[in-house]
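Here is the structure we will look at, set down as structure tokens.
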Amino acid sequence: YSEARFEEIKKEVSSYIKKIGYNPAAVAFVPISGWHGDNMLESTDKMPWFKGWAVERKEGKADGKCLIEALDAILPPSRPTEKPLRLPLQV
6 YSEARFEEIK KEVSSYIKKI GYNPAAVAFV PISGWHGDNM LESTDKMPWF KGWAVERKEG
66 KADGKCLIEA LDAILPPSRP TEKPLRLPLQ V
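In my numbering, the protein residues as written are 6 to 96.
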């Protein structure tokens, strides 16, 4: 529930994300407690310092407060079905 620890992890993960070619501003960072379920399905009062997450992408901005909202904000990749001989396959 520590803000300092969250910011430390966020900084480390952001630098790794940047190294592999992704934009850290397009990634939602959400502090959660899987043990107690805090911030997973609804926001918690145990982390009053966390005001919510926000991401910027070319399709627009998205924001929220918990993990399920961050997962719901992920956009599926576009499929180039308008090009010749493109058949999307799914398993």
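Cβ coordinates follow ideal geometry from the N, Cα and C atoms, glycine included. Since we're looking at a predicted model, the values are computed, not measured.
**Asked** Which residues does DSSP pair with Val32 in a beta bridge?
**Response** On the sequence shown, position 27 is the one that residue 32 refers to. Partner(s): none; Val32 has no beta bridge.
**Request:** Could you tell me whether the segment 26-42 touches the segment 58-77, where touching means 3 or more Cβ pairs closer than 8 Å?
**Result:** yes
**Message:** Which of the three DSSP states is assigned to Asp68 in this structure?
**Reply:** In the sequence shown, the residue the question calls residue 68 occupies position 63. The answer is strand: DSSP assigns Asp68 an E or B state.
**Message:** Considering only DSSP beta bridges, list what Arg62 is partnered with.
**Reply:** As a working mapping, residue 62 is identified with position 57 in the sequence shown. According to DSSP, which records beta bridges pairwise, Arg62 is partnered with Gly65.
**Item:** Through-space distance from Ala75 to Lys66, alpha-carbon basis
**Value:** Looking up residue 66 in the sequence shown gives position 61. Looking up residue 75 in the sequence shown gives position 70. Each residue's alpha carbon lies about 12 Å from the other.
**Message:** For the alpha helix (DSSP H) containing Ala9, name the first residue and the last one.
**Reply:** Numbered from its first residue, the sequence shown carries residue 9 at position 4. Here the alpha helix (DSSP H) through Ala9 covers 8-24.
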